[in-house]
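To keep things clear, I will list the structure first and then write my remarks on it.
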Amino acid sequence: MYEPIRSKSVHSTMADGTTDFPHRSRDEELDIQLAGHLAALLAVTDELRALAPDADLDAAADRLAEQMTRLRGGQAPVRLQVAATRPEPCPAALHRRAHTLAARALVVAASRADTAVAILAAERMDAHSAALDPREFAAS
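Structural data, given as structure tokens:
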């Protein structure tokens, strides 16, 4: 009445474990995600450094680059020299953005139990929130 199935089921081939594409572990995925958040935070930090040079921002940028190098297996991040191109720069917006990026990095660092990055991210959150007027920070 019915013709028997002659080929393997899609479900059985998926269960075999033979795939054509590589899989990454959860830790590898979290490393990639964390490195991305740190790269974005480093870019904003470099923008802030271009607007108002500061020794604290210089040290933070160096620490961010160091952690990114560790997460990327020794590959140092590409750093561009940023020039303030806006006629009216808005450091408050950059501080808010940096605070948000540091918070994202903190969440990922906590989920992968990376204490060094979690401490660095928390310090950056504190520094960026301190750089803002409390009314400006509450408005975002």
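Numbering (numbering that gives the first Met the number 0), first residue to last: 0 to 139.
Glycine included, each C-beta is placed from N, C-alpha and C at the ideal position.
All figures in this text were calculated on a predicted structure; none of them were measured in a lab.
{"Asked": "Hey, could you find the ends of the alpha helix (DSSP H) D45 is sitting in?", "Found": "25-50"}
{"Asked": "Indicate the three-state DSSP secondary structure (helix, strand or coil) for L131 in the structure shown.", "Found": "coil"}
{"Asked": "For P90, name the three-state secondary structure that DSSP assigns.", "Found": "helix"}
{"Asked": "Between the C-alpha atoms of A129 and V107, what's the straight-line distance to the nearest angstrom?", "Found": "23 Å"}
{"Asked": "What number of angstroms, rounded off, separates the C-alpha of L50 from the C-alpha of P90?", "Found": "8 Å"}
{"Asked": "For D61, does the three-state DSSP call read helix, strand or coil?", "Found": "helix"}
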